[in-house]
Amino acid sequence: MPAKDLVSWNTMIHGFATCGDVGTARQLFDMSSERDLVSWSSMIAGYAKSRQSNEALILFHDMQSANVRPDRVTMVSVLFACGDLGALGMGKIVHEYIDRNKVEIAVKLGTSLVDMYAKYGDIENSLKVFNGMGVKDVLTWSAVIIGRANHGFGEHALDYLAKMISGGIKANDITFIGVLSACSHVGVVDRGWTYFTSMNDKYGVTPKIEHYGCMVDLLVEFGDTSRGKRALLEICPLLPDAIVWRTFISACKIHKNMELVEEATVNLLELEPHMDGNYVLLSNMYAQGKKWDDVVNVRRRMRDKTFIRFRE
Numbered sequence: 002m003p004a005k006d007l008v009s010w011n012t013m014i015h016g017f018a019t020c021g022d023v024g025t026a027r028q029l030f031d032m033s034s035e036r037d038l039v040s041w042s043s044m045i046a047g048y049a050k051s052r053q054s055n056e057a058l059i060l061f062h063d064m065q066s067a068n069v070r071p072d073r074v075t076m077v078s079v080l081f082a083c084g085d086l087g088a089l090g091m092g093k094i095v096h097e098y099i100d101r102n103k104v105e106i107a108v109k110l111g112t113s114l115v116d117m118y119a120k121y122g123d124i125e126n127s128l129k130v131f132n133g134m135g136v137k138d139v140l141t142w143s144a145v146i147i148g149r150a151n152h153g154f155g156e157h158a159l160d161y162l163a164k165m166i167s168g169g170i171k172a173n174d175i176t177f178i179g180v181l182s183a184c185s186h187v188g189v190v191d192r193g194w195t196y197f198t199s200m201n202d203k204y205g206v207t208p209k210i211e212h213y214g215c216m217v218d219l220l221v222e223f224g225d226t227s228r229g230k231r232a233l234l235e236i237c238p239l240l241p242d243a244i245v246w247r248t249f250i251s252a253c254k255i256h257k258n259m260e261l262v263e264e265a266t267v268n269l270l271e272l273e274p275h276m277d278g279n280y281v282l283l284s285n286m287y288a289q290g291k292k293w294d295d296v297v298n299v300r301r302r303m304r305d306k307t308f309i310r311f312r313e
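With positions in the sequence shown counted from 1, the corresponding number in this note's numbering is that position plus 1.
Structure, rendered in structure tokens:
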């Protein structure tokens with residue numbers, strides 16, 4: 002059988018790494034007698050994609066030691082790994098390497114830098130990269146919008162949405178997560194509802210469970226529990242998940258709407274009948290309302306079930 006050439010090795014490494022079998026990909030990588038940029042980049046990307054970010058960064062260091070010069074594709078994977086680990090310092094070192102070696106900052110690499118800085122609150126560097134990019138796509142704009150929203154600059158996030166739209170770029174589902182979060186941070190309930198209802202009607206974006214979760218959070222956070230319930234039960238074409246129900250329950254408790262707490266907790270129990278914390282939540286809610294017969298019934302149900310306990 003003829004020996005495999007470098008292209009064959011790279012094809013196998015890339016294939017296994019892309020489908021998530023990084024163990025086999027790494028075995029092939031270590032077995033290959035010759036490695037080039039594609040070999041290293043495929044392996045680093047595989048580690049980053051599978052969230053083995055430490056391994057990705059170690060291999061990037063080994064790549065430099067082997068005097069193989071990374072390209073912008075490699076850098077995107079490395080920056081993703083830095084963001085996953087919260088390694089902003091390492092990310093800045095990578096950025097310095099990019100500048101020092103004059104690696105072209107195309108849309109994907111620029112967006113990775115913007116996202117990394119924005120995610121960890123380094124707004125100054127995030128905007129510096131953003132403003133220096135000649136071409137920006139919807140993901141670039143969305144990274145800035147989400148970063149601003151998550152770090153308390155909701156109005157600024159909405160300003161960037163307006164700039165994006167005026168520049169002819171159409172918002173997508175990721176953009177709207179940032180937009181709705183921004184509305185929640187600022188407390189503009191009606192404006193948030195307008196953005197939410199315009200997703201499908203104006204932008205052709207079908208809301209996902211994350212968007213309904215954002216809307217529930219916005220509505221009930223500012224006291225509109227009835228409309229929050231409507232978002233969950235009447236408008237949402239998807240079955241709300243347990244996280245959304247818990248968000249709704251927590252907010253309803255803050256605003257002392259115990260009727261909706263009870264209704265939501267019952268729905269949560271249907272989703273997670275074997276989670277002991279859900280029964281404790283319902284029992285405590287009944288006890289708070291002095292509904293002692295209901296407390297007894299819940300505790301009886303608890304005795305009859307096998308539970309999975311949440312670990313802190």
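Even glycine gets a Cβ: it sits at the ideal position worked out from N, Cα and C.
The alpha carbon of Ser-9 has as its nearest neighbour, out of Met-32, Asp-22, Gly-21, the alpha carbon of Met-32. For the 8 Å CB-CB criterion, Val-187 and Gly-214 do not form a contact.
In the DSSP assignment, Met-64 falls within the unbroken alpha helix (DSSP H) covering 54-66.
Put simply, the backbone Cα of Thr-19 is about 19 Å away from that of Ser-113.
Contact between Ala-107 and Ser-78 is ruled out by a C-beta separation of about 14 Å, above the 8 Å threshold. Cα atoms of Gly-153 and His-15: separation of roughly 40 Å, rounded to the nearest angstrom. Residue environment for Gly-148: buried (at least 16 other C-beta atoms within 10 angstroms of its C-beta). Non-local beta-carbon contacts of Gly-179 in its own chain, meaning distances under 7 Å to residues more than five positions away in sequence, involve Ser-143, Ile-146, Ile-147, Ala-150, Ala-158 in chain order. Residue Val-217 holds the alpha-carbon nearest to the alpha-carbon of Val-190 among Trp-293, Glu-125, Val-217. Ser-33 sits in coil when the DSSP states are folded into three classes, being neither helix nor strand. About 5 Å separates the Cβ atoms of Gly-92 and Met-117, confirming a contact at the 8 Å cut-off. Here His-275 is exposed: its Cβ has fewer than 16 other Cβ atoms, across all protein chains shown, within 10 Å.
Here Met-76 is near Val-104, since their CB atoms are less than 8 Å apart. Here the alpha carbon of Phe-131 sits roughly 10 Å from the alpha carbon of Ile-124.
In terms of Cβ geometry, Leu-110 and Val-95 do not form a close pair [threshold 8 Å].
With respect to Leu-269, Arg-301 sits apart: the two C-beta atoms are not nearer than 8 Å. The beta carbon of Asp-85 sits closer than 8 Å to those of Ala-49, Arg-52, Ser-54, all from its chain and outside the five residues before and after it, given in chain order. Contact annotation: Val-136 and Lys-171 have beta-carbon atoms that are not nearer than 8 Å. Of the candidates Thr-195, Asn-173, Leu-219, Ser-40, Ser-40 places its Cα closest to the Cα of Ala-67. Under a 10 Å Cβ-count criterion, Ser-185 is classified as buried, with 16 or more other Cβ atoms of the shown protein chains found around its own Cβ. If the five residues before and after Leu-7 are omitted, its C-beta is found closer than 7 Å to the C-beta atoms of Glu-35, Asp-37, all from its own chain and listed in chain order. Here Tyr-121 has Gly-87, Leu-89 as same chain residues with Cβ atoms under 7 Å from its own Cβ, once five neighbours each way along the sequence are excluded.
Per the C-alpha coordinates, the member of Phe-197, Asp-202, Tyr-204 positioned closest to Ile-210 is Phe-197.
For Glu-125, the uninterrupted alpha helix (DSSP H) segment begins and ends at 124-133.
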